[in-house]
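**Student:**
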Amino acid sequence: MKKIVSLILLMFSFLASFAQTAPSPTATAFWDDPLFMFYVVVGFVFVVVLLVLLVALYMLQVLNFMVKQATRERAQRLGLPYKEQPSFWAKLWKESNDFQPLENEADILLNHNYDGIRELDNHLPPWWKWLFYVTIIFSGVYLVFYHLSDTLPLPLKEYENELTVADEQARKLKAASPAAVIDENTVQLITDASALADGKTTFLNNCASCHRKDGGGDIGPNLTDEYWKHGGSINDIFKVVRQGVQGTNMIAWEGFISPEKMQNVANYVLTLQGTNPENGKKPEGELYKPKAAADSVKVQASL
228 MKKIVSLILL MFSFLASFAQ TAPSPTATAF WDDPLFMFYV VVGFVFVVVL LVLLVALYML
288 QVLNFMVKQA TRERAQRLGL PYKEQPSFWA KLWKESNDFQ PLENEADILL NHNYDGIREL
348 DNHLPPWWKW LFYVTIIFSG VYLVFYHLSD TLPLPLKEYE NELTVADEQA RKLKAASPAA
408 VIDENTVQLI TDASALADGK TTFLNNCASC HRKDGGGDIG PNLTDEYWKH GGSINDIFKV
468 VRQGVQGTNM IAWEGFISPE KMQNVANYVL TLQGTNPENG KKPEGELYKP KAAADSVKVQ
528 ASL
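The working numbering numbers the first residue of the sequence shown as 228 and each following residue consecutively.
(1) DSSP three-state label for residue 417, please.
(2) Let me check one thing: in DSSP terms, what residues is residue 344 bridge-paired to?
(3) Should residue 353 be labelled buried (16 or more other beta-carbon atoms within 10 Å of its own) or exposed?
(4) Determine the closest residue to residue 451 out of 504, 384 and 466, with distance taken between C-alpha atoms.
(5) Where do the N-terminal and C-terminal ends of the alpha helix (DSSP H) with residue 297 fall, by residue?
(6) Would you tell me roughly how many angstroms separate the C-alpha atoms of residue 476 and residue 436, rounded to the nearest one?
(7) Going by Cα to Cα distance, which pick from 512, 432, 369 and 501 is closest to residue 484?
(8) Going by beta carbon distance, what residues of the same chain come within less than 8 Å of residue 253, once the five residues before and after it are set aside?
(9) Less than 9 Å between the C-beta atoms of residue 203 and residue 491, yes or no?
(10) Of the residues 331, 346 and 332, which one's Cα is nearest the Cα of residue 338?
(11) May I have the straight-line CA-CA distance separating residue 323 from residue 264, to the nearest angstrom?
(12) Helix, strand or coil for residue 385? Go by DSSP, reduced to three states.
(13) Does the Cβ-Cβ distance between residue 518 and residue 453 come in under 9 Å?
(14) Can you tell me which residues form a DSSP beta bridge with residue 358?
(15) Hey, quick one: how far does the alpha helix (DSSP H) through residue 489 stretch, first residue to last?
(16) Does the structure place the region 455–475 close enough to the region 387–395 that three or more beta carbon pairs sit under 8 Å?
(17) For residue 330 and residue 269, what's the separation of their Cα atoms in angstroms?
(18) If you reduce the DSSP assignment to three classes, tell me which class residue 330 lands in.
(19) Excluding the 5 residues preceding and the 5 following residue 415 in the sequence, name in chain order all residues of the same chain whose CB lies nearer than 6 Å to its CB.
(20) DSSP on residue 515, reduced to helix/strand/coil?
(21) Using only the alpha-carbon positions, how far apart do residue 276 and residue 267 sit?
(22) Here's the rule I'm using: 16 or more other beta-carbon atoms within 10 Å means buried, otherwise exposed. How should residue 524 be labelled?
(23) Terminal residues of the continuous alpha helix (DSSP H) containing residue 319?
(24) Residue 489: buried (16+ other C-beta within 10 angstroms of its C-beta) or exposed?
(25) CB residue 373 to CB residue 381, shorter than 9 Å?
(26) Roughly how many whole angstroms lie between the Cα atoms of residue 472 and residue 375?
(27) Helix, strand or coil, according to DSSP, for residue 450 in the structure here?
(28) Please report the distance separating the alpha-carbon of residue 458 from that of residue 405.
(29) To the nearest angstrom, how far is the alpha carbon of residue 507 from that of residue 481?
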């Protein structure tokens with residue numbers, strides 16, 4: 228009983244230490260996890276099942292002790308010697324291994340004798356032979372179902388089937404909600420703060436090495452003046468980002484970032500207009516002025 232109580236206390240102390248573990252500042256708090264109640268229910272069920280099993284084992288030990296005590300008292304009343312019967316687990320262990328008793332060792336002793344080392348003719352334990360027979364039966368069933376009848380697919384075929392199903396699901400999803408195509412003809416001017424922040428991140432990660440972080444220009448042209456080498460509209464900027472410029476260090480980013488990110492970074496480039504960073508590169512290209520019909524909210528830039 229003391230062992231059972233100790234085990235329960237140890238389990239609860241582990242759960243308490245787990246619950247008190249402080250989350251990292253950037254991680255979501257454990258209590259705010261949407262699956263928190265699920266964890267609570269699962270933990271409660273686990274504790275209940277564990278307690279039921281422990282109580283059942285304890286009651287089984289008590290019952291076994293009472294049966295032994297009653298058998299011993301009955302033998303004393305009848306004047307018979309008491310012989311304790313082996314438990315169920317002891318019988319199972321003996322039948323599974325079928326050890327040869329030490330007193331019968333001479334019956335399985337072989338004639339081999341090397342430097343006083345004797346060899347016994349022990350047979351394989353029954354549990355090992357049962358396991359071997361099960362593997363033989365399983366291998367036969369596996370051979371029939373996977374190789375002879377093709378009832379079940381092999382791992383490679385199963386993987387290909389899963390890919391086919393996934394492709395079909397993706398096709399249906401795209402057909403149900405087709406995404407808007409973004410190219411140099413459909414690109415839009417945007418003022419959304421999150422989109423511009425994403426464009427800034429893309430710019431710093433991919434464009435700053437040639438245009439500097441402030442857009443003042445280095446290998447690439449200055450992006451803060453009104454002069455453009457390939458046009459200064461949002462459509463022109465997006466086209467340069469997507470297709471690149473042959474014969475220069477400006478590569479085509481179409482295969483590296485998504486159209487949405489290209490739209491965001493093109494709009495971010497426009498926000499650099501007029502920032503006049505220190506040691507900016509001299510203007511290159513032609514002066515660009517937006518058309519009179521253009522929206523007054525547009526921000527000027529250069530590429």
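From the three backbone atoms N, C-alpha and C, an ideal C-beta is built for every residue, glycine too.
**Tutor:** On the basis of the supplied data:
(1) coil
(2) 341
(3) exposed
(4) 504
(5) 263–305
(6) 11 Å
(7) 432
(8) At residue 253, the pLDDT of 47 sits below 50, so the modelled position is not reliable and the matter cannot be decided from this model.
(9) Residue 203 lies beyond the range of the chain shown here (228 to 530); nothing can be said about it.
(10) 346
(11) 45 Å
(12) helix
(13) no
(14) DSSP output for residue 358 lists no bridge partner at all.
(15) 486–498
(16) no
(17) 53 Å
(18) helix
(19) none
(20) coil
(21) 14 Å
(22) The predicted position of residue 524 is uncertain, since its pLDDT is 41 and thus under 50; no value can be drawn from it.
(23) 315–324
(24) buried
(25) yes
(26) 58 Å
(27) coil
(28) 31 Å
(29) 28 Å
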